[in-house]
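K.L.:
Pasting a structure here, questions to come.
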Amino acid sequence: MNMPRDPLDGALDQALDRALAKTLTAPGLPAGFREQLRAAVVRTVPEDRAQLRAALEREHAVQLAELQDGYVLLRQRTLGTLIGAGFAAGLAVTFALPWLKAHFGDNGVFALPVIGVVIGLVLSLSVWWQRSSLARSLS
Amino acid sequence: MQQVALSDAGRRDRDIVELLQGGSHGPAFDLVLERYERKVYRLCCSLMRDSDQAADAAQESLLRIWKALPGYDQRASLSTWIYTIARNRCLTAIERRRDLDSLSDPAVEQAAEAAVAAAPEAGQDQLDLLRELVEALPERYRRTLTLYYYEEKSVGEVAAMLGQPEGTIKTNLHRARALLSERVCALGLGDPKLWLEDAA
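So the protein lines, in turn, are chains L and C.
If you're matching positions, the first sequence starts at 1 in this note's numbering and goes up one per residue.
If you're matching positions, the second sequence starts at 1 in this note's numbering and goes up one per residue.
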């Protein structure tokens, strides 16, 4: 059951409200607050920049290492292919030349370069076709 | 994705959000400081009781806001986001302080309330007494009442700062005032004239 409210309570509430408004005044910022904050903010910036730079340098180093590994691998493969192709060509000429001379006479010597040119043209055309179709699909 | 209705604070802070979207974090933080620096400090004061600790908490909160500002994703209004960071910072500091001392022990709080409820000392200023009575209120009432007067009696602002619904704030204010009136009357200081003279 609610107690009957004293008519003076309203007046007391109002008086307390005024007293509270006077007592609980908003505190102002302490002296040097903004300056301290600015200094703290400035201190964080170089730290963040240094961290960012270090992270970027690490990332760059990893990418560079990957690139170098890939490049060295490519060079090794290219060199291997060239040496292999050289030996294979020498071997082919050693075996094919007597057979060509026997069948085509002295003109048989020219047959090998012609075959090489034909094979080269076929390879070039196929590579060109692949690349152009890749370019078409990308566009 | 959660959509946030644009409140007054949201509209007011649109310029800050636009600066952030444009990558101008420095100027955006300047505006944040201009608008929220004092409010964050007052919120910290109301939560921490001690002004030095409140200043430290406010500094740390604003520093954290500066660092997190580029990642602000607008899922909550800027003011809500700022106040949440400040509140969390204060609550962490309060938890840390609780580990260090036992001021928040219920027994100690009761003893403090009993001391306040004792007869006022001769010559004690009415407003000092009122301040002590406010300090002796239960924590949720004290915070709400203190912030309400700090924020010039804006229930909406107090609700935003404490992260509570306005209805809860109004209820806490009503109960805080009722408790204060009750204690004032118990001390024999229920005559409104006594307070009007001192508050004038």
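Note that the Cβ used here is the ideal one computed from N, Cα and C, for glycine as well.
Are at least three pairs of beta-carbons, each pair with one atom in the stretch 35-43 of chain C and one in the stretch 133-141 of chain C, less than 8 Å apart?
P.N.:
No, they do not touch.
K.L.:
Verify the CB distance criterion: does tyrosine 141(C) have a CB-CB separation below 9 Å to chain L?
P.N.:
It does not; no Cβ of chain L falls within 9 Å.
K.L.:
Any beta carbon of chain C sitting closer than 9 Å to that of arginine 34(L)?
P.N.:
Chain C, which has a Cβ nearer than 9 Å to the Cβ of arginine 34(L), makes this yes.
K.L.:
Is aspartate 30(C) buried or exposed, if buried means 16 or more other CB atoms sit within 10 Å of its CB?
P.N.:
With fewer than 16 Cβ atoms within 10 Å of its Cβ, aspartate 30(C) is classed as exposed.
K.L.:
Run down chain L in chain order and give the residues with a C-beta less than 9 Å from the C-beta of valine 184(C).
P.N.:
Residues of chain L passing the Cβ test: Leu12 and Leu16.
K.L.:
Under 9 Å Cβ-Cβ, which residues of chain L neighbour alanine 93(C)?
P.N.:
Result: empty, since nearest Cβ-Cβ is about 16 Å, beyond 9 Å.
K.L.:
Under 7 Å, CB to CB, which of the residues in the stretch 50-64 of chain C have a partner in chain L?
P.N.:
Going along the stretch 50-64 of chain C in chain order, one finds Ser51, Ala55, Gln59, Leu62 and Leu63 with a Cβ nearer than 7 Å to chain L.
K.L.:
I need the straight-line Cα distance from alanine 93(C) to alanine 57(C), nearest angstrom please.
P.N.:
Roughly 7 Å between the two C-alpha positions.
K.L.:
I'd like to know whether the C-beta of leucine 20(L) is nearer than 9 Å to at least one C-beta of chain C.
P.N.:
True, the Cβ-Cβ gap to chain C drops below 9 Å.
K.L.:
Cβ closer than 9 Å: which chain L residues qualify as neighbours of cysteine 45(C)?
P.N.:
Residues of chain L passing the Cβ test: Ala26 and Pro27.
K.L.:
Three-state secondary structure (DSSP) at glutamate 152(C)?
P.N.:
The answer is coil: DSSP assigns glutamate 152(C) none of H, G, I, E or B.
K.L.:
Would you say tryptophan 195(C) faces chain L, with C-beta separation under 9 Å as the test?
P.N.:
Chain L contact via Cβ: present.
K.L.:
Thinking C-beta only, is leucine 24(L) closer than 9 Å to tyrosine 41(C)?
P.N.:
Result no, Cβ atoms of tyrosine 41(C) and leucine 24(L) do not sit closer than 9 Å.
K.L.:
By how many angstroms is the C-alpha of alanine 28(C) removed from the C-alpha of leucine 20(C)?
P.N.:
Taking the straight line joining both Cα atoms gives about 6 Å.
K.L.:
When you check each C-beta in the stretch 40-70 of chain L against every C-beta of chain C, which residues fall closer than 7 Å?
P.N.:
From the stretch 40-70 of chain L, only Ala40, Val41 and Thr44 have a Cβ closer than 7 Å to chain C.
K.L.:
Measuring only the C-alpha atoms, how far is glycine 142(L) from alanine 39(L)?
P.N.:
Residue numbering for chain L in the displayed model covers 1 to 139; residue 142(L) lies beyond these limits and cannot be assessed.
K.L.:
Leucine 63(C): which of Ala86(C), Arg97(C) and Arg96(C) sits nearest, CA to CA?
P.N.:
Minimum Cα distance to leucine 63(C) is reached at Ala86(C).
K.L.:
Give every residue of the same chain whose Cβ lies closer than 8 Å to the Cβ of glutamate 50(C), excluding the five residues on either side of it in the sequence, and list them in chain order.
P.N.:
Note that residue 50(C) is aspartate in the sequence shown, not glutamate. Excluding sequence neighbours, aspartate 50(C) sits near nothing in its chain.
K.L.:
For glycine 167(C), report the span of its alpha helix (DSSP H) as first-last.
P.N.:
First-last of the alpha helix (DSSP H) with glycine 167(C): 166-186.
K.L.:
Does the stretch 59-73 of chain C come into contact with the stretch 158-173 of chain C, if we say contact requires no fewer than three beta-carbon pairs (one atom in each stretch) closer than 8 Å?
P.N.:
Counting Cβ pairs under 8 Å, fewer than three are found: no touch.
K.L.:
Using a C-beta to C-beta distance shorter than 9 Å, which residues of chain L count as neighbours of glutamate 37(C)?
P.N.:
Residues of chain L passing the Cβ test: Leu29, Phe33, Arg34 and Leu37.
K.L.:
What are the boundary residues of the alpha helix (DSSP H) that includes proline 27(C)?
P.N.:
Run containing proline 27(C): 25-48, per the alpha helix (DSSP H) assignment.
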